[in-house]
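Chains as they are written, first to last, in my numbering: chain A, 1 to 897; chain B, 1001 to 1639.
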């Protein structure tokens, strides 16, 4: 709900009872709110009313016939009857018509006891079915890896069709044929895999009968219990239920009542969890390298070895790579272990590779390096500017908000060199050259200033350093910007006007902004743009970095960074240092540690001797794989803690088996700063242990105090004690719902919108910017730009998703996406294997000829070890954030002879 | 060119046409004419005139309503009245050219009537023809008189005068005039047209739309088609006026693709109107702009329903949605939309020109003006008629339609398309207006009127119409989707003689559920034919389910064909004609039909020479016949 919006309350009479309802509610909603049951089948609260099942018919004074409660707006003074004998009879007759066509073999139906038809039958009292049964005798569709469609059980309520269209914006299925032959199906009866289907499973979850059911759990019966937790994939933080029986997760279902995902999941969260959690390749015992081989060992032995080997490297020779996949509590313990026990600030994690420029840039501009607004505000924006984010692949559930807003009339501007899915919904698509974002954004700001579209009052009252910024804008006339970005001048001007004149306007970005050698400048440019138009500190505005990993926000918040403790408290601030020294009862180093990229260089130079890597796979995720591999192998001692024997774990001296997210308690902080619970649903597999437990054991083996935790909730108490922004957060409060930081006290409701009234740093700071081209541009030898990104079906280095058979079926291998023009000039056919070479290495991958790539640019994902894009990528760093330029490097493509 | 100039030009042309020195030949080239050979008639005229070197104006015109007399050709010789010739064939064309154009014999023997006051000896006045005499032609005023592909013909007949007038009026005045006329939606629901316009005009949302529903899908209905083909500009003018009244510049015509001629003529009309400045930006130099686009349906009957029609225009599946909101509040793309029927629009220009009161002077208290009907079925003069509201069914069927052919007894009339009710003889004096028809259990619908005689089985008719609605149901709501197939199955059983007495009550119950429970008009009216048929012809139903008889001798499973031994002459004609060799016999032997093998096609009955009349069709009874063919004499002696 948008702040300040008042809803009028109306009064009506339902079955003789005075009932209050919000204006705009339907008769059905008013009745349900008052606890009056009206049966429905086609109604679903997340969908627009449909009025097809006809069970919610009512009688309304002064209205003819039998209006449907789901479609009729409730009005002041309305007198409604829901249960007259005539209605009961008509309803039973209609329901009997549904049953005439529905097989009545409930006992052998996989949906038995969960079927809404059964519920309605019980509520309205079906005595007999006198109509002759109709058998449709349709084949069961088994045309996709995840679910089966048995339309013999379909009652044509259209919920699946509508959720696919209205909520997901896909429309892969629709009604086909008509009358009694009507069926739900794909266009031209193609298989789902050949349709637009993205396998989000929304149709499965919304189906009232057994017509669409997940295959793997279909015949496993009812779950014993359902455990609500947070999705372990991306930073959206979708709430889901793990449905558990006998120590196994049967299936995953979405949580409807929450503001993050409102009952929606993506293919990875819906179908990509059970299989990796229970995968036979899960590590179940510690592995210890003996005579060059990793062999199974006991925990005692492994912990002793780790403690013994780490002891000599306390101080600057040790580094910890924490994990954005692990919980807040675990990352907290990792940095406490590093700082207190190993006496160094050498701790970092993969946020370095995704949003370090965000943390640096937004902290400079606003005083806080996080998403300024909340996910559920996006739908309320009048203009949405998505730059450097393929949202429907990287953050599918956030993309739903964008699509919804666009459908409701919001203007959508997409800036992306690639033709992403959202371009279909866009008012303007700016196809700029990779790496030209500063020019594009500054060009837009020049238009806004030249055409007097800036919110100068906001600028004067709330911001500083405007004059210097304004001067720097003058360099970005549209001739220069058009030439630099490759975008037509008129489009840039149109986009600028659209953004500046449709308020509230929200900016969303992801790694297309940050993963550059000038990533921090890119972030500063987005901040400048928002401040210039006053689009900050209000609902549905702001600058919103979409965080990549499930807990990358939390890992940063927890101080798994070389320069800050929890809550971004600087290690070089003596007061802060003192605070932590007192609490932790130790002395701490004020010297910021090495960043992740610097760690690998230091290992390569043998300045580092020992590393502890928790839940990360830098061999695949970091740029220049050959360099990374070499660096890690030069270490004296490497301990890796993971669920699987990853490419990185294979290099370790000791591998510690970690429990999955389903096997432990904790919290993740999602991209909108919302701290949400992770709940233990099953016991850890084999002898695997939660990461928090392992760190504590090693710390204790090293003789440290302050690691005696029985449960992660105790860790959170310590976090709250030491971290102002988490001060009011505890497990008791999180039981109810997530809390968005800053949440300084126990009575603070959390903060959905940052910078309301005043920036965190006081005044918002404009930063003058210059355009810097990417560090490595195409030349004669390497004529193409390679840009990297994510697919919808896989995640990160594939550690989890590539363990899921269905996801591998949907996307079995990585491709190099090349434009038809480039493919033609290189004489490359679609599907042909090609060699991609950069100055750092070469990979073989299948070519996909697609207009989604512009001429001169090729695209690869980094999920696949067989065609690892990061063998090719450039390690050129942003000078401030030290993020490598993963989004731009020069490559050559050759046919394989 | 301003409007005055347009009119002058058109009038000059029109006058020159009729009062020039060349003959004018009008050929009825609507679908009804084409279906019976008007195209070859036209070609023969053209060829013959060329060959004979005769200069004449050949004008294609729409349907004047005498469909059963098509192809119609009118000839106007300079200085002579216009004479209408009916049922013209290429041969008759040659005779007419020879006898009338080249000589002076107007051929009263094949002439149907003359137009105007001047009479021709031996030829009656056309409008004294019983089918035309009591008609009042407002919506169809120009059909059959003008070339629908020439805008000047329309303009010369007061066309676009109403638009020109409206542009000087305020929107409210236009709506007020329509309000005074009492015009109600001619698509069938009878919603007051002015109220739709008024609500749409008051809506603040923009843009708004005017949509013309030309998706005439009722079997046997062709009212809209006749106007679309015969006078497309009257629809365009009505739409432009509606656009002006509600304040929008965008209109759509949703026309079924099965009307290719209508689509073509509409497009020509749109192009010509745009060319003349009567459509497009700044119409007639005013501030008002209006554009019309044609959208073609894809063959779904349900797309004639307003909300389904709009979804179809939007490119979505044509499925009705629940109102409210009504389309005037949230129609096309969720924006205010006034949806009116073809005939409604065609009535608008005369209302504006002559005033609402003039229109309201026709019709009844609640149903004003005229209504077109497509008169079909067992009727002597099928065709398209336009009569004042309130005329009785009897007047329409007997006075205008000429009653039942061969003087067979009347049985029922179905009004309002496939979901209209079947009214019996006792209700023939029912005045035709929205309310009275509804009271009788039927509907006005868009104006289909199917007459049935005693050879029509009411159960079979009900079965046919339910099957039609079953096939055309979109499948969205439960009662219609699931209920109609069930009704259809039961009806199928009954007509096959497998019905049970309780089936009739079951049909009534199902029909009641479907009518009360369905989402859109298709479902809420589909059971009408069954329910009215049971209400008015119950004995016929009982005959089917109890006695297993079909009194009308229609339902094949309930009838049998026999050869009466006493009448059979043993000629062998039926034996040779039987397609399934079910007849045995031989020369001078009494023929016998093998009842097992007989498919009840009726060929034997048809072929048996009238002088023998040996074949009979019976229901529920057996005729005694010999077991095998026996000589005729032997048989007679035995008897």
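Every residue, glycine too, gets a C-beta built ideally from N, C-alpha and C.
By the Cβ criterion, the region 488–499 of chain A is not in contact with the region 751–769 of chain A, since fewer than three pairs of Cβ atoms, one from each stretch, lie closer than 8 Å. With the criterion set as a beta carbon lying under 8 Å from some beta carbon of chain B, the members of the region 174–195 of chain A are 174, 175, 177, 178, 179, 180, 181, 182, in sequence order. With a cut-off of 8 Å on Cβ pairs, the region 644–659 of chain A is in contact with the region 298–308 of chain A, counting three or more such pairs. Using a Cβ distance threshold of 7 Å, residue 1010 of chain B and residue 1156 of chain B count as a contacting pair. Among the CB atoms of chain A, one or more fall inside 7 Å of the CB of residue 1482 of chain B. In the structure shown, residue 551 of chain A falls within a coil segment according to DSSP collapsed to helix, strand and coil. Contact check for residue 1190 of chain B against residue 1434 of chain B passes: the beta carbons are separated by less than 7 Å. The beta carbon of residue 94 of chain A is closer than 7 Å to those of 54, 55 in its chain, skipping five residues each way along the sequence. Between residue 506 of chain A and residue 544 of chain A, the beta carbon gap of about 6 Å places them in contact (Cβ cut-off 8 Å).
Nearest to residue 814 of chain A by C-alpha distance, out of A:828, A:792, A:821, is A:792. CA-CA distance, residue 1587 of chain B to residue 1572 of chain B, rounds to 7 Å. With respect to the 7 Å criterion, residue 1322 of chain B and residue 51 of chain A are classified as neighbours on the basis of their beta carbons. Sequence-ordered contacts of the region 91–116 of chain A with chain B read 93, 94, 97, 98, 100, 101 [C-beta pairs closer than 7 Å]. Of the candidates B:1595, B:1164, B:1565, the residue whose Cα lies closest to the Cα of residue 1350 of chain B is B:1164. Of all residues in the region 52–84 of chain A, the ones placed with a Cβ closer than 9 Å to any Cβ belonging to chain B are 52, 53, 54, 55, 57, 65, 66, 67, 68, 70, 71, 72, 73, in chain order. Look at residue 1556 of chain B: its C-beta is not under 7 Å from any C-beta on chain A.
Among the bridge pairs identified by DSSP, residue 1625 of chain B is matched with none. Judged by DSSP in its simplified three-state form, residue 692 of chain A adopts helix.
Interface flag for residue 1471 of chain B against chain A is set, since a Cβ pair is found closer than 7 Å.
Note on geometry: alpha-carbon atoms of residue 72 of chain A and residue 1359 of chain B lie some 37 Å from one another. Interface annotation, residue 1463 of chain B: not in contact with chain A, CB-CB separation never under 7 Å.
Between residue 163 of chain A and residue 660 of chain A, the C-beta gap is not smaller than 7 Å, which leaves the two residues out of contact.
The shortest C-alpha to C-alpha distance from residue 1139 of chain B to any of B:1212, B:1095, B:1034, B:1223 is the one to B:1223. Listed along chain B are 1486, each with a C-beta nearer than 7 Å to that of residue 131 of chain A. In the structure shown, residue 509 of chain A falls within a strand segment according to DSSP collapsed to helix, strand and coil. The Cβ-Cβ distance between residue 1516 of chain B and residue 222 of chain A does not fall below 7 Å.
DSSP places residue 740 of chain A in the strand class (E or B) of the three-state scheme.
Taken in chain order, the members of the region 144–169 of chain A whose beta-carbon sits within less than 7 Å of a beta-carbon on chain B are 156. In this structure, A:693 is the residue among A:693, A:533, A:704, A:619 with its C-alpha nearest to the C-alpha of residue 710 of chain A. Relative to the Cα of residue 1479 of chain B, the nearest Cα in the group B:1508, B:1465, B:1492, B:1518 belongs to B:1518. Interface flag for residue 1491 of chain B against chain A is unset, since no Cβ pair is found closer than 7 Å.
Taken in chain order, the complete alpha helix (DSSP H) segments of 4 or more residues contained in the region 1213–1237 of chain B are 1223–1230.
Against chain A, a Cβ distance below 8 Å from residue 1300 of chain B picks out 178. Of the residues A:843, A:870, A:882, A:817, the one whose Cα lies closest to the Cα of residue 851 of chain A is A:817. For residue 17 of chain A, same chain residues with a beta-carbon under 8 Å away, outside a window of 5 residues either side, are 34, 36 in chain order. Residue 771 of chain A is positioned such that its CB atom lies closer than 7 Å to that of residue 439 of chain A.
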